[in-house]
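Remarks on the structure that follows.
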Amino acid sequence: MPFTPINTSLGALLLYQGSYGLLQNNGRVFGISSLLSGCVGNPNTQNVPVILGMVSSIVPVYLLAPSLLPPYATPPATWGAALALAGIGFLVGWGTKNGNGCTSGHMLCGISRISPRSIIATGIFFITALVTANLGIGATVSPSPDGHPAYLPVYPSTDEVAFMFSTVAISQVVNSFLVPALLPRYTNSNVVYSCIAGLQFGLGLLITGMANPEKVLGFFNWFDSSKFDPSLALVMVFGVGPSLLSYLYMKTECGNEDGLKPPLLADRFSLPTATVADIDWRFMNIVSDDWPFKAVSKIP
Numbered sequence: 023m024p025f026t027p028i029n030t031s032l033g034a035l036l037l038y039q040g041s042y043g044l045l046q047n048n049g050r051v052f053g054i055s056s057l058l059s060g061c062v063g064n065p066n067t068q069n070v071p072v073i074l075g076m077v078s079s080i081v082p083v084y085l086l087a088p089s090l091l092p093p094y095a096t097p098p099a100t101w102g103a104a105l106a107l108a109g110i111g112f113l114v115g116w117g118t119k120n121g122n123g124c125t126s127g128h129m130l131c132g133i134s135r136i137s138p139r140s141i142i143a144t145g146i147f148f149i150t151a152l153v154t155a156n157l158g159i160g161a162t163v164s165p166s167p168d169g170h171p172a173y174l175p176v177y178p179s180t181d182e183v184a185f186m187f188s189t190v191a192i193s194q195v196v197n198s199f200l201v202p203a204l205l206p207r208y209t210n211s212n213v214v215y216s217c218i219a220g221l222q223f224g225l226g227l228l229i230t231g232m233a234n235p236e237k238v239l240g241f242f243n244w245f246d247s248s249k250f251d252p253s254l255a256l257v258m259v260f261g262v263g264p265s266l267l268s269y270l271y272m273k274t275e276c277g278n279e280d281g282l283k284p285p286l287l288a289d290r291f292s293l294p295t296a297t298v299a300d301i302d303w304r305f306m307n308i309v310s311d312d313w314p315f316k317a318v319s320k321i322p
């Protein structure tokens with residue numbers, strides 16, 4: 023898929039707004055694997071609203087900017103493809119459980135919190151995904167539809183730019199002004215913000231293009247420049263970068279994560295307590311294999 027610098031940069035800001043907003047207001051880390059497993063094993067007001075918010079993000083994009091919805095290839099209707107998909111899903115779930123997280127919790131939230139465990143985990147994710155993509159199915163990534171190298175930038179239409187800029191601006195107004203002014207007055211205000219954070223994060227995934235497995239996989243095609251899409255690097259710059267700066271600023275206010283000053287909508291911070299010693303190195307690489315194998319629609 024082609025390099026989309028504007029889309030990915032603006033979408034990454036939404037990823038930042040959703041993930042850091044959940045930390046600042048609810049005192050929680052935006053770890054998708056933990057949220058999903060919680061919805062299945064222990065559904066509650068801390069996880070279900072976030073996932074509902076993420077799912078609802080499809081609605082405004084579908085109604086106002088449908089061209090931003092990711093294209094998905096139709097998977098082969100064979101038992102082999104179905105079994106492969108089920109097997110890959112099992113391995114990814116197993117890997118995220120034993121690795122204590124996935125890329126949202128470790129990369130977006132963990133690196134920005136300067137967590138040694140998350141920095142190591144993210145490094146392993148990237149290295150293993152790079153090797154797997156290039157030795158495994160990396161060559162199956164489709165070239166750009168127009169035949170141009172994927173690293174050449176493609177720019178959005180005027181309508182798409184208007185939608186994306188408006189979404190980022192509205193999201194920032196909500197986080198900076200409306201939430202502090204309105205939500206603390208109400209009971210269960212953290213539940214409302216969980217939905218908002220999920221919506222922001224879901225919009226970020228759609229706008230960056232990272233909801234499309236091929237776009238993520240394109241970043242790891244380092245040995246075929248015609249298929250290399252550097253978009254994922256902009257998620258680091260505009261997603262992790264602002265989160266790091268905001269976290270450092272928050273540390274000066276809160277003093278520490280135990281909460282000299284609690285989050286806006288919660289009594290205390292509820293953050294991961296696992297350390298580097300808790301990483302199960304045998305299974306960490308399985309999380310990385312999720313990235314290239316997400317192109318399961320290519321399985322014959």
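Using my numbering, you'd call the opening residue of the sequence shown number 23 and step up by one each time.
Where is the CB? At the ideal position from N, CA and C, for every residue including glycine.
Just so we're clear, the structure is a prediction, and the values are computed from it rather than from any experiment.
Item to check | Supposed contact pair Cys124 and Ser55 - C-beta distance, whole angstroms, cut 8 Å | outcome: For the purposes of this step, residue 55 is taken as the residue at position 33 of the sequence shown. For the purposes of this step, residue 124 is taken as the residue at position 102 of the sequence shown. The pair is a contact, with the Cβ atoms about 4 Å apart (cut-off 8 Å).
Presumed contact (8 Å Cβ cut-off) between Thr189 and Ala34, rounded CB distance: Looking up residue 189 in the sequence shown gives position 167. Looking up residue 34 in the sequence shown gives position 12. The beta-carbon separation of Thr189 and Ala34, rounded to 13 Å, does not stay under the 8 Å limit for a contact.
DSSP bridge partner residues for Ser292 (one or two, in chain order):
The count along the sequence shown starts at 1 and reaches residue 292 at position 270. Beta-bridge pairing links Ser292 to Arg50.
**Backbone CA spacing between Phe245 and Met232 [nearest angstrom]** = Here the question's residue 245 lines up with position 223 in the sequence shown. Here the question's residue 232 lines up with position 210 in the sequence shown. A straight line joining the alpha-carbon of Phe245 with that of Met232 spans about 21 Å.
With 16 other Cβ atoms within 10 Å as the buried cut-off, status of Asn64
Your numbering for residue 64 matches position 42 in the sequence shown. That one is exposed.
Measure the alpha-carbon distance for Leu90 versus Leu113 and round it to whole angstroms.
Reading the sequence shown from its first residue, position 68 is the one you call residue 90. Reading the sequence shown from its first residue, position 91 is the one you call residue 113. Straight through space, the alpha carbons of Leu113 and Leu90 are spaced by roughly 30 Å.
On the DSSP bridge assignment, give the partners of Phe25 in chain order.
-> For the purposes of this step, residue 25 is identified with residue 3 of the sequence shown, where counting begins at 1. In DSSP, Phe25 forms a bridge with Pro175.
Taking Arg135 as part of the alpha helix (DSSP H), name the residues at either end of that continuous run.
-> By one-based count along the sequence shown, residue 135 stands at place 113. In the DSSP assignment, Arg135 falls outside any alpha helix (DSSP H) and carries neither an H nor an E.
Return yes when the Cβ of Val238 is within less than 8 Å of the Cβ of Leu130, no when it is not. Mapped onto the sequence shown, residue 130 falls at position 108. Mapped onto the sequence shown, residue 238 falls at position 216. Not a contact, by the Cβ cut-off of 8 Å.
Review point. Where Gly81 and Ala219 are concerned, what is the direct C-alpha to C-alpha distance, given to the nearest angstrom?
Key: One-based indexing of the sequence shown puts residue 81 at position 59. One-based indexing of the sequence shown puts residue 219 at position 197. In the sequence as presented, Gly is not what sits at residue 81; that position holds Val. Roughly 15 Å between the two C-alpha positions.
- Task: May I have the straight-line CA-CA distance separating Leu228 from Tyr208, to the nearest angstrom?
- Result: The count along the sequence shown starts at 1 and reaches residue 228 at position 206. The count along the sequence shown starts at 1 and reaches residue 208 at position 186. The straight-line gap from Cα to Cα measures roughly 31 Å.
(request) Indicate the three-state DSSP secondary structure (helix, strand or coil) for Thr96 in the structure shown. (result) The residue labelled residue 96 in the question sits at position 74 within the sequence shown. Note: Thr96 maps to coil in three-state DSSP.
Can you say whether Pro24 is buried or exposed, counting buried as having 16 or more other CB atoms within 10 angstroms of its CB?
Translated into positions along the sequence shown, residue 24 becomes position 2. That one is buried.
Item to complete: Compare the Cα-Cα distances from Ile142 to each of Leu152, Thr154, His128, Ala155 and report the closest residue.
Response: By 1-based counting over the sequence shown, the position of residue 142 is 120. Minimum Cα distance to Ile142 is reached at His128.
For Pro175, count neighbouring Cβ atoms within 10 angstroms of its own Cβ and tell me buried if that reaches 16, exposed if not. Here the question's residue 175 lines up with position 153 in the sequence shown. With fewer than 16 other Cβ atoms within 10 Å, it is exposed.
Original post:
Where does Ser247 land, buried or exposed, given buried means 16+ other C-beta within 10 angstroms?
Top reply: Taking the sequence shown and counting its residues from 1, one reaches residue 247 at position 225. When all chains shown are included, Ser247 counts as exposed.
Next on the checklist: Determine whether the beta carbon atoms of Ser292 and Gly132 lie at a separation below 8 Å.
Outcome noted: In the sequence shown, residue 292 corresponds to position 270, counting from 1. In the sequence shown, residue 132 corresponds to position 110, counting from 1. Going by C-beta atoms, Ser292 is not nearer than 8 Å to Gly132.
- CA nearest to the CA of Ser126, picked from Leu286, Leu45, Asn212: By 1-based counting over the sequence shown, the position of residue 126 is 104. If we check each option's Cα against that of Ser126, Leu45 comes out closest.
Self-check item: CB contact flag (Ser211, Gln39, <8 Å)
Solution: Within the sequence shown, numbered from 1, the residue matching residue 211 stands at position 189. Within the sequence shown, numbered from 1, the residue matching residue 39 stands at position 17. No, they are not a contact pair.
- For Pro285, which three-state DSSP category applies? By one-based count along the sequence shown, residue 285 stands at place 263. Pro285 falls in the coil class under three-state DSSP.
| Residues near Tyr269 in its chain [Cβ-Cβ closer than 8 Å; skip 5 each side] | As a position in the sequence shown, residue 269 is number 247, starting the count at 1. In chain order, Tyr42, Leu45, Ser134, Arg135, Ile136 place their CB closer than 8 Å to the CB of Tyr269, counting only its own chain and leaving out the 5 sequence neighbours on each side.
ask   = Is Leu57 near Asn69, with beta carbons less than 8 Å apart?
value = On the sequence shown, residue 57 is found 35 positions in, with the first residue counted as 1. On the sequence shown, residue 69 is found 47 positions in, with the first residue counted as 1. Their beta carbons are under 8 Å apart, which means Leu57 touches Asn69 by this criterion.
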